[in-house]
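Participant:
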Amino acid sequence: MKVTKEKAAENRSNLIRTASRLFREHGIDGVGVAEICKQAGLTHGALYAQFPTKQALAAEALAYGQELGFEHLMSLGDGGGPALDDFLDYYLSTSTRDDPAHMCAMAASASEIGRQDSSISAPFAQGFEKIAEAIERTQGPGTIEASTRERALSITAALIGAVAVARGVHKADPALSKEVLQAMKTVLAALGANGDDAVKRKKRRKPASGTA
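In terms of the working numbering, the sequence shown is residues 2 to 213.
Laid out in C-alpha cells, this is it:
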C-alpha cells in the first residue's frame, strides 16, 4: 500500500520525536535503529524511507530536542525574556537531570558529539551558539576581565557540563549530584552578577591624583 504524503510526514515526525527521546536517555551510540523503530511503532523500511542513515536521523533528532528546550527557555521570565536565574533554574534542576522529556539535548550528548560526523556536530554547535547568545542578552555591558560574550560562553559551557556530571554521578552518589547542581548555580549566578558589579565599582572609583 502506498503511503500518503500526510502519513509519511507523520512517520517522519514520530521517528524524530522518538529518536530525540531515546538519544537523550541512552546516547546516540547507545540506541540502534531497531529500537527506534520498535519504540516508534514503525518498520525499518519506514525509517529508511525518511532517513538514508542513522546519522541523518540523529542530526534532525538533536536539532529537534535542542529547539524544544530553547523554546521552553524563551517562555520563561516575566514576558521580557528569560533572566540568567531562569537559565540556571532550568538547567540545574533535578528534572532536567533525570527526565528525558526535560533533559537538555546537548548535555545528554556532549560527551559523544566529538565522535560523530559533522552532520551531527553542526546542529550541536548551532544550538550551543543560540543558547550562548540568549544568555549574553542577560548580561550587563561590561565585566572585570571578560566581555559579555566570553562570560556567556563560559556560563553556557558550564551549564551543559554540570548537567552531564550531575547525571553521571547520580546513581552512585545522589548527594554529590545534588551538590554539583547547587554549587554551579551559586557560582554561575555570581559570575553573571560580578560583571555588573564591576562596572558599578569602576563608575564609583575616583581618578588617581597623579602624586606619588
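Idealized CB from N, CA, C, for every residue including glycine.
Just so you know, these numbers come straight off a predicted model, no measurement behind them.
Under a Cβ-count criterion, where at least 16 other Cβ atoms within 10 Å of its own Cβ denotes burial, should Met185 be classed as buried or exposed?
Facilitator: As a working note, residue 185 is residue 184 in the sequence shown. Buried, since its Cβ has 16 or more Cβ neighbours within 10 Å.
Participant: Considering only residues of the same chain and omitting the five flanking positions on each side of Gly193, which have a CB-CB separation below 6 Å?
Facilitator: Counting from one through the sequence shown, the residue named residue 193 turns up at place 192. Result list for Gly193: Leu85, in chain order.
Participant: Is the segment 53-62 touching the segment 4-17, taking contact as three or more C-beta pairs under 8 Å?
Facilitator: Yes: the two stretches touch, three or more of their Cβ pairs being nearer than 8 Å.
Participant: To the nearest angstrom, how far is the alpha carbon of Asp87 from that of Leu74?
Facilitator: As a working mapping, residue 87 is identified with position 86 in the sequence shown. As a working mapping, residue 74 is identified with position 73 in the sequence shown. Roughly 8 Å separates the two Cα atoms.
Participant: Count the other CB atoms within 10 Å of the CB of Gln140; is the residue buried (16 or more) or exposed (fewer)?
Facilitator: Position 139 of the sequence shown, counted from the start, is the residue given in the question as residue 140. Buried: at least 16 other Cβ atoms inside 10 Å.
Participant: Which residues in the same chain as Ala47 place their Cβ atom closer than 6 Å to its Cβ, once the five residues preceding and following it in sequence are excluded?
Facilitator: Counting from 1 along the sequence shown, the entry for residue 47 is found at position 46. Closer than 6 Å at Cβ, skipping near neighbours: Asn12.
Participant: What is the DSSP secondary structure of Ile29, counted as helix, strand or coil?
Facilitator: Along the sequence shown, read from residue 1 onward, the residue named residue 29 stands at position 28. Coil.
Participant: By DSSP, does Cys38 sit in helix, in strand, or in coil?
Facilitator: Indexing the sequence shown from 1 puts residue 38 at position 37. In the structure shown, Cys38 sits in a helix (DSSP, three-state: H, G or I).
Participant: To the nearest angstrom, how far is it from the Cα of Lys8 to the Cα of Thr187?
Facilitator: Here the question's residue 8 lines up with position 7 in the sequence shown. Here the question's residue 187 lines up with position 186 in the sequence shown. Spanning the two alpha carbons is a distance of roughly 48 Å.
Participant: Look at the Cβ atom of Pro124, then the Cβ atom of Gln67, and state whether they are nearer than 9 Å.
Facilitator: For the purposes of this step, residue 124 is taken as the residue at position 123 of the sequence shown. For the purposes of this step, residue 67 is taken as the residue at position 66 of the sequence shown. Yes, the pair counts as a contact, with Cβ atoms nearer than the cut-off.
Participant: Given this structure, state the Cα-to-Cα distance separating Tyr92 from Val32, to the nearest angstrom.
Facilitator: Start at 1 with the first residue of the sequence shown, and residue 92 comes out as number 91. Start at 1 with the first residue of the sequence shown, and residue 32 comes out as number 31. Cα to Cα, the separation comes out at about 24 Å.
Participant: Measure the alpha-carbon distance for Ala108 versus Gln127 and round it to whole angstroms.
Facilitator: Reading the sequence shown from its first residue, position 107 is the one you call residue 108. Reading the sequence shown from its first residue, position 126 is the one you call residue 127. Distance between the alpha carbons of Ala108 and Gln127 is about 14 Å.
Participant: Return the residue from the list Gln51, Ser120, Glu180, Gln117 that minimises the CA-CA distance to Ser94.
Facilitator: In the sequence shown, the residue the question calls residue 94 occupies position 93. The candidate whose alpha carbon is nearest that of Ser94 is Glu180.
Participant: Let me make sure I understand the geometry here. Which of Leu182, Gly42, Ile37 has the alpha-carbon closest to that of Thr54?
Facilitator: Position 53 of the sequence shown holds residue 54. For the residues Leu182, Gly42, Ile37, the minimum Cα distance to Thr54 belongs to Ile37.
Participant: Starting from Gly66, trace the alpha helix (DSSP H) both ways and give me its first and last residue.
Facilitator: To locate residue 66, count along the sequence shown from 1; it is residue 65. Counting along the chain, the alpha helix (DSSP H) containing Gly66 begins and ends at 55-75.
Participant: Could you check the C-alpha separation between Arg152 and Ala57 for me, to the nearest Å?
Facilitator: Taking the first residue of the sequence shown as position 1, residue 152 is located at position 151. Taking the first residue of the sequence shown as position 1, residue 57 is located at position 56. Roughly 33 Å separates the two Cα atoms.
Participant: For Gly80, I'd like the list of residues in its chain whose CB is within less than 6 Å of its CB, leaving aside the five on either flank, ordered along the chain.
Facilitator: Indexing the sequence shown from 1 puts residue 80 at position 79. Nothing listed; no residue qualifies.
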